[in-house]
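**Student:** Shown below is the structure under consideration.
The structure is reproduced here in structure tokens:
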């Protein structure tokens with residue numbers, strides 16, 4: 084079993100839809116949670132960063148962390164064709180130095196938003 | 002800030018040749034990471050440095066791969082000799098806290 088599981092998709096939605104992307108993990112020590120967006124032939128770009136449990140909102144994007152269930156989500160409201168990309172979850176911890184700086188990535192979910 | 006800079010962006014070489022990939026991290030970042038990305042295996046961490054010192058190279062696939070960081074603003078990943086199975090996109094990332102910032106990658110094709 085992988086340490087971080089992510090449905091690879093592909094996921095295709097119409098413009099304006101609400102998108103839900105999810106990851107589950109097995110290491111209860113993780114405490115930093117991130118979402119990266121990767122456009123085709125580009126490097127991963129940090130989208131959202133959350134520490135421990137709770138919600139974080141940034142414009143159309145909301146990140147949720149449920150440590151009790153070992154489950155994280157990224158919601159995209161009013162999705163746009165420009166949101167079409169691969170979304171990777173990543174996590175790290177405990178601590179904030181040394182090996183804790185290593186990120187464990189999900190395999191990525193490929194999203195297409197149709198105009 | 003220019004972000005993480007990698008060169009070359011594309012590299013095509015023949016099996017057996019030496020390949021050197023270069024990375025300039027974001028100024029002030031004390032951690033530097035080298036990753037490899039393929040469709041089959043996703044993002045794999047190869048090695049990372051803290052304050053120019055290699056900390057964990059357990060992800061380096063074999064002795065053909067080596068990495069150096071002679072100073073805070075430059076790192077290299079070398080493959081010698083290269084093989085077709087090394088074809089992948091190689092990313093460099095740097096961080097000053099828990100989040101990492103990636104470069105645009107080097108797309109390597111070994112024929």
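Protein chains in written order, with this note's numbering: chain A, 84 to 198; chain B, 2 to 112.
Yeah, the Cβ is synthetic: ideal placement off N, Cα and C, and Gly gets one too.
Please read these numbers as outputs of a predicted model, since none were measured by experiment.
Name, going along the chain, the residues of the region 53–87 of chain B whose beta-carbon falls closer than 8 Å to a beta-carbon of chain A.
**Tutor:** 56 and 57
**Student:** In whole angstroms, what is the alpha-carbon distance linking residue 111 of chain B and residue 77 of chain B?
**Tutor:** By one-based count along the second chain, residue 111 of chain B stands at place 110. By one-based count along the second chain, residue 77 of chain B stands at place 76. Each residue's Cα considered, the two are about 18 Å apart.
**Student:** Would you mind telling me which residues of chain A sit closer than 7 Å to residue 43 of chain B, beta carbon to beta carbon, in chain order?
**Tutor:** Counting from 1 along the second chain, the entry for residue 43 of chain B is found at position 42. The answer, in chain order, is 188, 190 and 191.
**Student:** If we require 3 or more residues per run, which beta strand (DSSP E) segments fall completely within the region 145–185 of chain A?
**Tutor:** 154–159 and 168–175
**Student:** Between residue 157 of chain A and the rest of its own chain, which residues show a CB-CB distance below 7 Å, the 5 nearest in sequence each way excluded?
**Tutor:** Numbered from its first residue, the first chain carries residue 157 of chain A at position 74. For residue 157 of chain A, where only same-chain residues beyond five positions count, the Cβ hits under 7 Å are 104, 118, 131, 144, 146 and 170.
**Student:** Is it true that the CB of residue 136 of chain A sits closer than 8 Å to the CB of residue 99 of chain B?
**Tutor:** In the second chain, counting from the first residue as 1, residue 99 of chain B sits at position 98. In the first chain, counting from the first residue as 1, residue 136 of chain A sits at position 53. No.
**Student:** Inspect the beta-carbon positions of residue 93 of chain B and residue 7 of chain B and report whether they are closer than 8 Å.
**Tutor:** For this step, residue 93 of chain B is matched to residue 92 along the second chain. For this step, residue 7 of chain B is matched to residue 6 along the second chain. Contact: yes.
**Student:** For residue 46 of chain B, which residues from the same chain have a beta carbon less than 7 Å from its beta carbon, with the 5 sequence-adjacent residues on both sides left out?
**Tutor:** Here residue 46 of chain B is taken as the residue at index 45 of the second chain, counted from 1. Excluding residues within five positions, the ones whose Cβ falls inside 7 Å are 34, 36 and 60.
**Student:** Leaving out five residues before and five after residue 12 of chain B in sequence, what residues of the same chain have Cβ atoms less than 8 Å from its Cβ?
**Tutor:** The sequence position of residue 12 of chain B within the second chain is 11, counting from 1. Closer than 8 Å at the Cβ level, and outside the excluded window around residue 12 of chain B, lie 20, 22, 107, 108, 109 and 110.
**Student:** Could you tell me the boundaries of the beta strand (DSSP E) in which residue 50 of chain B lies?
**Tutor:** Along the second chain, read from residue 1 onward, the residue named residue 50 of chain B stands at position 49. First-last of the beta strand (DSSP E) with residue 50 of chain B: 43–51.
**Student:** Against residue 127 of chain A, what residues of chain B qualify as contacts under a CB-to-CB distance less than 7 Å, listed in chain order?
**Tutor:** Here residue 127 of chain A refers to the residue found at position 44 of the first chain. In chain order: 103.
**Student:** Whole angstroms are fine: how far does the CA of residue 31 of chain B sit from the CA of residue 1 of chain B?
**Tutor:** Chain B is shown from 2 up to 112; residue 1 of chain B falls before or after that span and cannot be answered.
**Student:** Would you mind telling me which residues of chain A sit closer than 7 Å to residue 106 of chain B, beta carbon to beta carbon, in chain order?
**Tutor:** On the second chain, position 105 is the one that residue 106 of chain B refers to. Ordered by position in chain A, the residues that pass the 7 Å Cβ test against residue 106 of chain B are 126.
**Student:** Look up residue 86 of chain B in the DSSP assignment and say whether it is helix, strand or coil.
**Tutor:** Here the question's residue 86 of chain B lines up with position 85 in the second chain. In this structure, residue 86 of chain B counts as helix in the three-state DSSP scheme.
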